[in-house]
Amino acid sequence: MKKYIFNTFYTLLILSGLCLQSCTELDLTQKDAANSGTWYQTKDQFRQSLNESYREVFWPLDEVYEGMDDDWQRRDVLNAIKAGNVSSEYAKSNTDWSNLYKGIARVLVVVNELENQTVLTEAESSQLLGEANFLRASFYSYLITHFGDVPFYEQELTVDESFEVARTPKEEIKLKLYEYYDKAAATLPVSYNGLQYATKGAAYAMKARLALYMGDFQIAATAAENCINLGEYELYEDYAELFEPTTKNSKETIFHIPRNTDLNIIRNDNVRDFLPRNHGGYAGRNPTWELLASYECIDGLPIDESPLFDPQNPFKNRDPRLLATIAPFGSLEDGDGLEPDSGSNFMDIEHNPHPNAKLVRDYENNIDIRNQDTRSIGAFAAFNGLLFKKGVTKDWKDYRTDPDLIIMRYADVLLMYAEAKIELNEIDQSVLNALNSVRDRAYANSPFTNPEITTTNQAELRYKVRSERRAELAFEGRRYMDLIRWRLAEKALTGYTYGLLNVTADANTDTPPTGPLMDNLVDKDLWFWGQTPQIDEDGLPDFTGLLNAGYCRTLNVTTFPERQYLFPIPEEDRLLNPNLTQNTGY
Numbered sequence: 007m008k009k010y011i012f013n014t015f016y017t018l019l020i021l022s023g024l025c026l027q028s029c030t031e032l033d034l035t036q037k038d039a040a041n042s043g044t045w046y047q048t049k050d051q052f053r054q055s056l057n058e059s060y061r062e063v064f065w066p067l068d069e070v071y072e073g074m075d076d077d078w079q080r081r082d083v084l085n086a087i088k089a090g091n092v093s094s095e096y097a098k099s100n101t102d103w104s105n106l107y108k109g110i111a112r113v114l115v116v117v118n119e120l121e122n123q124t125v126l127t128e129a130e131s132s133q134l135l136g137e138a139n140f141l142r143a144s145f146y147s148y149l150i151t152h153f154g155d156v157p158f159y160e161q162e163l164t165v166d167e168s169f170e171v172a173r174t175p176k177e178e179i180k181l182k183l184y185e186y187y188d189k190a191a192a193t194l195p196v197s198y199n200g201l202q203y204a205t206k207g208a209a210y211a212m213k214a215r216l217a218l219y220m221g222d223f224q225i226a227a228t229a230a231e232n233c234i235n236l237g238e239y240e241l242y243e244d245y246a247e248l249f250e251p252t253t254k255n256s257k258e259t260i261f262h263i264p265r266n267t268d269l270n271i272i273r274n275d276n277v278r279d280f281l282p283r284n285h286g287g288y289a290g291r292n293p294t295w296e297l298l299a300s301y302e303c304i305d306g307l308p309i310d311e312s313p314l315f316d317p318q319n320p321f322k323n324r325d326p327r328l329l330a331t332i333a334p335f336g337s338l339e340d341g342d343g344l345e346p347d348s349g350s351n352f353m354d355i356e357h358n359p360h361p362n363a364k365l366v367r368d369y370e371n372n373i374d375i376r377n378q379d380t381r382s383i384g385a386f387a388a389f390n391g392l393l394f395k396k397g398v399t400k401d402w403k404d405y406r407t408d409p410d411l412i413i414m415r416y417a418d419v420l421l422m423y424a425e426a427k428i429e430l431n432e433i434d435q436s437v438l439n440a441l442n443s444v445r446d447r448a449y450a451n452s453p454f455t456n457p458e459i460t461t462t463n464q465a466e467l468r469y470k471v472r473s474e475r476r477a478e479l480a481f482e483g484r485r486y487m488d489l490i491r492w493r494l495a496e497k498a499l500t501g502y503t504y505g506l507l508n509v510t511a512d513a514n515t516d517t518p519p520t521g522p523l524m525d526n527l528v529d530k531d532l533w534f535w536g537q538t539p540q541i542d543e544d545g546l547p548d549f550t551g552l553l554n555a556g557y558c559r560t561l562n563v564t565t566f567p568e569r570q571y572l573f574p575i576p577e578e579d580r581l582l583n584p585n586l587t588q589n590t591g592y
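As numbered in the numbering used here, residues 7 to 592 make up the sequence shown, in order.
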């Protein structure tokens with residue numbers, strides 16, 4: 007009987023024991039893939055088939071490149087999520103749905119063949135089955151957290167069955183996924199010599215992530231604690247360096263997809279959009295003002311409560327992770343002799359968005375160059391004056407780079423453990439230790455000392471752990487689903503995106519800019535922010551005061567309707583299968 011494999015055609019690429027490649031559209035049957043017992047004659051053939059599931063296309067990240075959350079924006083362009091117009095034809099949800107079911111189908115082929123194979127030892131078969139359980143659990147985890155109830159099956163489907171399968175309640179599916187992760191953890195090794203595949207720690211950690219998303223806090227706490235107790239992982243000593251392309255498979259990494267420029271496994275999608283214009287990029291994708299405002303000051307207080315915060319120098323006396331995430335400017339700490347109109351060295355070129363900074367220093371060549379990253383020179387310089395720094399290095403100037411795609415790291419596990427215990431109101435020293443160890447690392451390479459968290463109040467700690475997740479995991483694909491599971495998306499993603507006031511100046515001269523920016527900010531010594539944004543009880547910044555005072559402008563209106571807490575079921579699949587119901591509101 008012919009088996010159903012979701013529409014896909016691909017070229018098998020074996021790369022250092024891992025099959026990693028880009029996604030393409032596929033035929034009904036995989037003409038070059040192993041999908042029957044005629045292929046599974048050796049250990050290597052089993053290995054090659056399972057390696058397919060370690061391709062980056064099967065591990066989608068939310069908001070990265072998409073601008074789905076409140077941490078970054080693309081100039082004044084809105085993604086469908088923040089525009090509030092997601093439909094059943096939304097490209098991202100349709101692509102994720104399609105790719106993940108392709109991944110599940112491929113894993114099920116291997117699972118089926120493992121049941122009847124005669125070429126593997128018991129240990130080899132056990133490890134491969136453990137990986138298969140890890141992989142299908144991870145693929146289904148993404149589906150149920152984003153789409154809710156979805157078709158669930160543990161055996162390959164016939165073509166006829168594929169057109170009839172209905173959605174299974176996510177509450178039923180999650181129980182099977184916990185079981186898959188448990189089976190994976192029971193059979194997978196703690197570590198490997200050489201090539202890296204899914205491990206025991208990865209199974210525990212991914213189970214914790216799923217359980218946290220599903221509100222099963224006891225399961226999440228136990229799974230995270232199991233990962234911690236392995237003693238296999240440590241926080242990398244330098245937060246900023248952790249995300250650079252040269253930091254491969256660090257001691258903090260629990261599960262990742264490797265990239266390698268020599269083998270053309272790279273990140274080249276939209277790289278120029280993140281690069282400063284002074285470095286040949288477009289500076290089109292930027293951190294939001296909300297993200298900038300969200301980091302604490304070095305006294306552990308939010309910016310609207312800390313006496314250390316200076317709205318004219320928004321990077322001054324702030325959590326060091328801010329300076330590692332967003333390219334800083336102005337004064338950074340007391341006594342540094344810098345002013346609000348000062349720049350900073352970013353990849354050997356001075357970064358300074360101040361409208362009077364017509365020239366900036368090229369430190370590498372010891373010359374001054376025209377500043378393309380201020381809006382008084384470049385009309386398409388960052389609309390809000392901010393640039394991403396996290397993980398961005400000079401190799402990006404070649405428009406291709408190869409940092410590891412980190413799916414799970416130890417800091418995330420520590421924060422998940424703390425959050426689960428806080429929600430259970432089982433607050434003890436282990437919770438404070440988990441939070442403070444992440445903060446200690448953040449401050450380790452700075453002139454400041456971590457203002458340790460000491461409170462045991464549940465509400466205060468809930469605020470703290472949510473702020474920690476935002477500061478620690480910015481731009482790693484976690485913020486969107488955090489907002490979803492905290493039911494804060496309607497609040498955080500409804501309102502405006504903000505930017506600098508327009509500059510009226512002749513970009514071809516050195517005449518100082520005139521107009522609302524000069525009048526309202528620069529001349530009045532109010533650059534960068536004319537006043538301190540307020541932070542609400544959920545840690546969300548409010549720029550209404552600046553807007554009403556005329557110190558900023560809105561770039562566009564954002565809205566997040568309640569229906570978008572779940573992605574829509576793709577309309578194309580529903581047309582083929584009348585048993586697929588739709589999520590409410592689509």
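Note that CB positions come from ideal geometry on N, CA and C, so glycine has one too.
Pairing residue 84 with residue 131, the inter-Cα distance amounts to about 48 Å.
DSSP places residue 355 in the uninterrupted beta strand (DSSP E) bounded by 355-357. Proximity of the stretch 410-428 to the stretch 278-290 falls short of the contact definition, fewer than three beta-carbon pairs being nearer than 8 Å. Straight across, the Cα-Cα distance linking residue 48 with residue 126 is about 8 Å. By the neighbour-count definition (other C-beta atoms within 10 Å, threshold 16), residue 308 is a buried residue. Residues 219 of the same chain have their beta carbon placed closer than 6 Å to that of residue 151, with the five preceding and five following residues left out of the count.
Beta-bridge pairing by DSSP links residue 558 to no other residue.
For residue 63, there is no enclosing beta strand (DSSP E), as DSSP marks it with neither H nor E. In this structure, residue 258 and residue 240 form a Cβ contact; the two beta carbons are roughly 6 Å apart against a cut-off of 8 Å. When DSSP states are grouped into helix, strand and coil, residue 292 belongs to the strand group. Membership of residue 54 in the alpha helix (DSSP H) is indicated by the continuous run 49-57. Distance between residue 592 and residue 541, taken at the CA atoms: about 33 Å. Using a Cβ-Cβ distance cut-off of 8 Å, the stretch 93-103 and the stretch 400-410 are not in contact, since fewer than three pairs of beta carbons, one from each stretch, lie closer than that value. Taking the C-beta atoms as reference points, residue 335 is found no nearer than 8 Å to residue 78.
Here residue 320 carries a coil assignment [DSSP, helix/strand/coil]. If the five residues before and after residue 294 are omitted, its C-beta is found closer than 8 Å to the C-beta atoms of 76, 77, 78, 79, 390, 392, 503 and 504, all from its own chain and listed in chain order. Looking at the DSSP output, residue 368 shares a beta bridge with 355 and 373.
Shown here, residue 78 sits in a strand according to DSSP, grouped into three states.
The beta strand (DSSP E) runs of length 3 or more contained entirely in the stretch 398-433 are, from start to end of the chain, 411-415. In this structure, residue 551 places its C-beta atom within 8 Å of the C-beta atom of residue 537. Under DSSP, residue 547 shares a beta bridge with 541. A residue is called buried once 16 or more other Cβ atoms fall within 10 Å of its Cβ, and residue 197, having fewer, is exposed. Residue 140 carries a helical assignment under DSSP once its states are collapsed to helix, strand and coil. C-alpha of residue 532 to C-alpha of residue 346: approximately 9 Å in a straight line.
For residue 261, no alpha helix (DSSP H) segment is defined; the enclosing uninterrupted segment is the beta strand (DSSP E) at 259-263. Taking all protein chains shown into account, residue 242 has 16 or more neighbouring C-beta atoms within 10 Å of its C-beta and is therefore buried.
Between the stretch 289-305 and the stretch 436-444, the count of Cβ pairs shorter than 8 Å is below three; the stretches do not touch. Short of 6 Å from the beta carbon of residue 143, and not among the five residues preceding or following it, lie these beta carbons of its own chain, in chain order: 183, 186 and 187. Nearest Cα to residue 405 within the set 571, 181 and 276: 276. By the criterion of a C-beta distance shorter than 6 Å, residue 354 is surrounded in its chain by 369 and 370, once the five residues flanking it on both sides are discounted.
From the listed residues 153, 57 and 110, the smallest Cα separation to residue 201 is found for 57.
For the pair of segments examined, the stretch 479-496 was found to touch the stretch 61-71: the number of CB pairs separated by less than 8 Å reaches three.
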